[in-house]
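If you read the sequences in order, they're chains A and R. In this text, residue positions in the first sequence follow our numbering: the first is 4, and each later residue adds one. In this text, residue positions in the second sequence follow our numbering: the first is 4, and each later residue adds one. Comments concern the structure below.
Protein chains: 2
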Amino acid sequence: MAVLHHSLDFILSSPATDENLLVRSCPSKHSITQCCQSVLKKVHLSRGYEFIGIHFMFALLRVHSHGVVTIDLQCYQEDSIAEVDNLLNALEKKLKTLLNGNIKRIKRLPALIRGAEVDRYWPTSDGRLMEYDIDKVVYDEDSAYQKIQILHSKQYGNILVLNGDINLAESDLAYTKAIMGSGKENYAGKEVLILGGGDGGILAEVGQTKAKDDHHILVEDCVPVLKKYAQEGRTFDYVINDLTAVPISTEPEDSMWEFLRLILDLSIKVLHPSGKYFTQVSEVQNTHKKRLDFYFQQNVLLSSTGRQGNGVNMTDALTLYEEQLGKLSCPVGFSKEVVCVPSYLELWVFYTIWKK
Amino acid sequence: MAVLHHSLDFILSSPATDENLLVRSCPSKHSITQCCQSVLKKVHLSRGYEFIGIHFMFALLRVHSHGVVTIDLQCYQEDSIAEVDNLLNALEKKLKTLLNGNIKRIKRLPALIRGAEVDRYWPTSDGRLMEYDIDKVVYDEDSAYQKIQILHSKQYGNILVLNGDINLAESDLAYTKAIMGSGKENYAGKEVLILGGGDGGILAEVGQTKAKDDHHILVEDCVPVLKKYAQEGRTFDYVINDLTAVPISTEPEDSMWEFLRLILDLSIKVLHPSGKYFTQVSEVQNTHKKRLDFYFQQNVLLSSTGRQGNGVNMTDALTLYEEQLGKLSCPVGFSKEVVCVPSYLELWVFYTIWKK
Numbered sequence: 004m005a006v007l008h009h010s011l012d013f014i015l016s017s018p019a020t021d022e023n024l025l026v027r028s029c030p031s032k033h034s035i036t037q038c039c040q041s042v043l044k045k046v047h048l049s050r051g052y053e054f055i056g057i058h059f060m061f062a063l064l065r066v067h068s069h070g071v072v073t074i075d076l077q078c079y080q081e082d083s084i085a086e087v088d089n090l091l092n093a094l095e096k097k098l099k100t101l102l103n104g105n106i107k108r109i110k111r112l113p114a115l116i117r118g119a120e121v122d123r124y125w126p127t128s129d130g131r132l133m134e135y136d137i138d139k140v141v142y143d144e145d146s147a148y149q150k151i152q153i154l155h156s157k158q159y160g161n162i163l164v165l166n167g168d169i170n171l172a173e174s175d176l177a178y179t180k181a182i183m184g185s186g187k188e189n190y191a192g193k194e195v196l197i198l199g200g201g202d203g204g205i206l207a208e209v210g211q212t213k214a215k216d217d218h219h220i221l222v223e224d225c226v227p228v229l230k231k232y233a234q235e236g237r238t239f240d241y242v243i244n245d246l247t248a249v250p251i252s253t254e255p256e257d258s259m260w261e262f263l264r265l266i267l268d269l270s271i272k273v274l275h276p277s278g279k280y281f282t283q284v285s286e287v288q289n290t291h292k293k294r295l296d297f298y299f300q301q302n303v304l305l306s307s308t309g310r311q312g313n314g315v316n317m318t319d320a321l322t323l324y325e326e327q328l329g330k331l332s333c334p335v336g337f338s339k340e341v342v343c344v345p346s347y348l349e350l351w352v353f354y355t356i357w358k359k
Numbered sequence: 004m005a006v007l008h009h010s011l012d013f014i015l016s017s018p019a020t021d022e023n024l025l026v027r028s029c030p031s032k033h034s035i036t037q038c039c040q041s042v043l044k045k046v047h048l049s050r051g052y053e054f055i056g057i058h059f060m061f062a063l064l065r066v067h068s069h070g071v072v073t074i075d076l077q078c079y080q081e082d083s084i085a086e087v088d089n090l091l092n093a094l095e096k097k098l099k100t101l102l103n104g105n106i107k108r109i110k111r112l113p114a115l116i117r118g119a120e121v122d123r124y125w126p127t128s129d130g131r132l133m134e135y136d137i138d139k140v141v142y143d144e145d146s147a148y149q150k151i152q153i154l155h156s157k158q159y160g161n162i163l164v165l166n167g168d169i170n171l172a173e174s175d176l177a178y179t180k181a182i183m184g185s186g187k188e189n190y191a192g193k194e195v196l197i198l199g200g201g202d203g204g205i206l207a208e209v210g211q212t213k214a215k216d217d218h219h220i221l222v223e224d225c226v227p228v229l230k231k232y233a234q235e236g237r238t239f240d241y242v243i244n245d246l247t248a249v250p251i252s253t254e255p256e257d258s259m260w261e262f263l264r265l266i267l268d269l270s271i272k273v274l275h276p277s278g279k280y281f282t283q284v285s286e287v288q289n290t291h292k293k294r295l296d297f298y299f300q301q302n303v304l305l306s307s308t309g310r311q312g313n314g315v316n317m318t319d320a321l322t323l324y325e326e327q328l329g330k331l332s333c334p335v336g337f338s339k340e341v342v343c344v345p346s347y348l349e350l351w352v353f354y355t356i357w358k359k
């Protein structure tokens, strides 16, 4: 039974004073409705905030003296939607009267759904709150390597979530197109190496082109495989890095950036001189990595307050990434493209890298 | 000074009992940190919830006996981010110990920013909470007809918001392309009628085609103009309905649906027999309309908990719309397309309608 957390805020035109604001505690035995009604008749400001109601529901009216009045109302998913809506409407009406023209803005947000069986909140890479229309958990298992979830969204279809990070939804052909060069490449007769890509999206899409199709699927660590190819002098026309945002391990490297540089360096080594390397920047900063590690150790996955990739707003991380490109053993050039991947709810950056 | 509302929730593996849970009120003079520390040492469940701390910050720990523990922490934008983060980390750690293995999931959401100068929350049409990266109010005025806002988003550029409803952002060429037939139409030598489209996006894009370009811009009510064209027997190859989601007035019609049918009927009347009518379904239900009216009367615009258009999840509204198409004075056929408009943060439905 999820807790619905409603909020109703009044932004005042001028700071709150004893004369224009109210708050009073009330007996706990009253129902929330009676409670609000009785409380709101009394206009008195005590210490800037106070409890206003208790029953099954719970309401808190807080007056911030600089000029914001916040109302929090917690109820349960089982409670009557109409009753709660009426209560909020009544509260709003009452406060409008009490605040008597001193209102600059009123804001009522959709209720936060807390503790639901199916989690709907998956923040963006810059830590903004996004509520998905998840209606079903299709799959939820911890493998030896990753927490694997497939969640169903009404509009995006099935979404693959690895270690709490949204990877790809059925709606996201734009992702696959972008990481293959946005339709500007001719794959005919070309040799393609996909790193990661375990959801099969890129492989399926490459199969639609006239690329060489004698494909092998290797389920193993890509680092030794890349090292072997590099040693053999084997090259590819396209290397597509679609590794997960949160690597299973960065060992034996010391940091995420060193790990990232290792993958980049090896990828460029196996790239044909006229070839192209495509990637999105999904690297995590060390601090995030450690945080995730901690929760895995505890066997409880915390969804951190930002996703583990880099959207277009992560300008510092993108700059850092571009700095890494200057530190590779082979000089490279690069271009980038900003793409709207439907289920990501933020614009995403894709890089094309080539040997100079 | 915005209020930051943090939440930290523990979803328990089994219901909460006196033995495995805690709560205790504490003196108001304590700082929140001291408060939490002292409270969390005492393990006692009283009536299911209680206040745990007060100072400038405010924290509330609520134990829902069916198995959800919610922590709410309110602080201010000026407060030290590191201090608040440390406090939440400490709370989380402490509760992990206290709940001793009885945790199924932990969820910490990005803080809600309440009462900020610049509002960041613009819900989807199906009422889901979305936090935009708005960093500036470029324009904010009430005209005689509409509340007009131009907000700047870091990733979407300037966003036009009319009556609290996101209309179009600089990132949204996909919207304009979709409402012009998604590049499948040949505009060469064609006559085009745009209804609404006051942001100029469609006009600019039509200008890129070889459509007849002796354009006239009429700033007036489209209903009498359409009636005049119909009377004159004037027709257009393309009629593009880009009217705002919230009409200034639906008079003299009784309801939104009748108003919508009037516009549709007139548009089809001025459509060439082989022409096409493009639209997105942005009609509001009567209840919403009345609600908005109420707030306009009060001169305080409330952002309702859903935007005033129909995303792909609004299946009932879309079905109702399609039913209206069967009630027109001229029989029509239609097709629809689902498009990702970047700044909408939900998939959007576009219709193509033609005379049978």
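The beta carbon of each residue, even a glycine, is placed where N, CA and C say it ideally should be. Predicted model, so just to flag it, every value in this text is computed and none were measured.
DSSP state of Gln158/R mapped onto helix, strand, coil
In this structure, Gln158/R counts as coil in the three-state DSSP scheme.
Who are the near neighbours of Tyr135/R in its chain, counting only those whose CB is closer than 7 Å to its CB and skipping five residues on each side?
Excluding sequence neighbours, Tyr135/R sits near Arg123, Trp125, Ser156.
Met133/R CB to nearest chain D CB: under 8 Å?
Among the chains of the structure shown, chain D does not appear; the protein chains present are A and R.
Which value, in whole angstroms, describes the spacing of the CA atoms of His218/A and Asp175/A?
When rounded, the separation of the alpha-carbon atoms in His218/A and Asp175/A is 23 Å.
Can you tell which of Ser128/R, Leu154/R, Asn166/R, Cys343/R has its C-alpha closest to the C-alpha of Ser146/R?
For the set Ser128/R, Leu154/R, Asn166/R, Cys343/R, the Cα lying nearest the Cα of Ser146/R is the one of Asn166/R.
Roughly how far, in whole angstroms, is the beta-carbon of Val242/A from the beta-carbon of Ser270/A, given that I think they are within contact range, below 8 Å?
About 5 Å separates the two Cβ atoms, so the contact holds.
Residue range of the beta strand (DSSP E) that Asp319/R falls in?
The continuous stretches of beta strand (DSSP E) do not include Asp319/R, which lies in the alpha helix (DSSP H) extending over residues 318 to 328.
Run of the beta strand (DSSP E) containing Ser10/A, from where it starts to where it stops
Here the beta strand (DSSP E) through Ser10/A covers 6 to 15.
To the nearest angstrom, how far is the alpha carbon of Ile57/R from that of Ala85/R?
Residue confidence is low: Ile57/R scores 38 on pLDDT, short of 50, so the model does not pin down where it sits. Its coordinate-derived value is still stated next. Using only the alpha carbons, I get a separation of about 19 Å.
Below 8 Å CB to CB, which residues in the same chain sit around Pro113/R once its five sequence neighbours on both sides are set aside?
Within the same chain, Cβ atoms closer than 8 Å to the Cβ of Pro113/R are found at Glu134, the five residues on either side in sequence being excluded.
Other residues of its chain near Val344/A: CB distance less than 7 Å, five sequence neighbours each side excluded
Hits under 7 Å: Asp175, Ala177, Tyr178, Trp351.
Would you mind reading off the limits of the alpha helix (DSSP H) that contains Cys245/R?
Note that residue 245/R is Asp in the sequence shown, not Cys. Boundaries for Asp245/R: no alpha helix (DSSP H) harbours it, while the beta strand (DSSP E) harbouring it runs 239 to 245, taken from the DSSP string.
Can you pull the chain A neighbours of Leu348/R, defined as C-beta to C-beta under 7 Å?
Result: Leu348.
Go through its chain and collect everything with a Cβ distance to Ser16/A's Cβ below 7 Å, but skip five positions before and after it.
Excluding sequence neighbours, Ser16/A sits near Asn105, Ile106, Lys107.
Mind listing which residues of the region 318 to 350 of chain R have their C-beta closer than 7 Å to chain A's C-betas, in chain order?
Against chain A - using a Cβ distance shorter than 7 Å - the residues of the region 318 to 350 of chain R are Cys343, Pro345, Leu348, Glu349, Leu350.
Sequence-distant residues of the same chain with beta carbon closer than 6 Å to Lys110/A, five excluded per side
If we look at Lys110/A and ignore the five residues flanking it on each side, its Cβ neighbours are Asp12.
Step through the CB atoms of chain A and report whether any lies within less than 8 Å of the CB of Lys180/R.
Taking Cβ atoms only, chain A never reaches closer than 8 Å to Lys180/R, which makes this a no.
Return the CA-CA distance between Gly160/A and Val140/A, expressed in angstroms with no decimal places.
Those two C-alpha atoms are separated by around 12 Å.
With DSSP as the reference, label Gly56/A as helix, strand or coil.
With a pLDDT of 40 at Gly56/A, under the threshold of 50, the modelled position of that residue is not reliable, and no figure is offered here.
In the region 149 to 167 of chain R, which residues sit with their C-beta less than 7 Å from some C-beta in chain A, listed in chain order?
Those residues of the region 149 to 167 of chain R that come within reach of chain A (Cβ to Cβ, closer than 7 Å) are Lys157, Gln158.
Please state whether the Cβ-Cβ distance between Phe239/R and Phe353/R is less than 8 Å.
No, the Cβ-Cβ distance between Phe239/R and Phe353/R is not below 8 Å.
Would you kindly check if the distance between the Cβ of Asp202/R and the Cβ of Val210/R is under 8 Å?
The question names Val, but residue 210/R is Gly in the sequence shown. Not in contact: Gly210/R and Asp202/R (Cβ atoms no closer than 8 Å).
Counting only beta-carbon separations shorter than 8 Å, does Gln288/A have a partner in chain R?
Summary for Gln288/A: the model assigns pLDDT 40, below 50, so the residue's position carries little reliability, and this model does not support an answer.
Is it buried or exposed, Asn289/R, if we count other Cβ atoms within 10 angstroms and call 16 or more buried?
At Asn289/R, the pLDDT of 35 sits below 50, so the modelled position is not reliable and the matter cannot be decided from this model.
Helix or strand or just coil, what does DSSP make of Gly210/A?
It is helical.
Compute the distance between the beta-carbons of Thr73/R and Ser128/R, then report whether it is under 8 Å.
With contacts defined as CB atoms closer than 8 Å, Thr73/R and Ser128/R fail to qualify as a contacting pair.
Does the beta carbon of Gly184/R sit closer than 8 Å to a beta carbon anywhere in chain A?
Judged by the 8 Å Cβ criterion, Gly184/R is not in contact with chain A.
Can you tell me the Cβ-Cβ gap for Asp245/A and Gly200/A, rounded? I've got them flagged as a contact below 8 Å.
So it is a contact: roughly 4 Å between Cβ atoms.
Is the beta carbon of Gly329/R sitting closer than 8 Å to the one on Trp357/R?
At the C-beta level, Gly329/R and Trp357/R stay beyond 8 Å of one another.
Three-way DSSP call (helix, strand, coil) for Asp122/A in this model
Reduced to three states, the DSSP call for Asp122/A is coil.
How many Å lie between Trp260/R and Thr100/R at the Cα?
Taking the Cα positions, Trp260/R is about 57 Å away from Thr100/R.
What residues in its chain sit with their C-beta under 6 Å from that of Ala214/A, if we drop five residues either side in the sequence?
Excluding positions up to five away in sequence, the list reads Tyr190, Lys193, Val195.
So Ser346/R and Ala172/R are in contact, right, with Cβ under 8 Å, and what is the actual spacing, rounded?
Between Ala172/R and Ser346/R the Cβ distance is about 4 Å, and since that is below 8 Å, they are a contact.
Determine the direct distance from the alpha carbon of Asn313/A to that of Leu321/A, and round the result to whole angstroms.
The alpha-carbon atoms of Leu321/A and Asn313/A are separated by roughly 7 Å.
Over the uninterrupted beta strand (DSSP E) stretch that includes Ser346/A, give me the two end residues.
Run containing Ser346/A: none; DSSP gives neither H nor E here.
Assigned secondary structure, Gln234/A (DSSP; H/G/I helix, E/B strand, else coil)
DSSP places Gln234/A in helix when its eight states are reduced to three.
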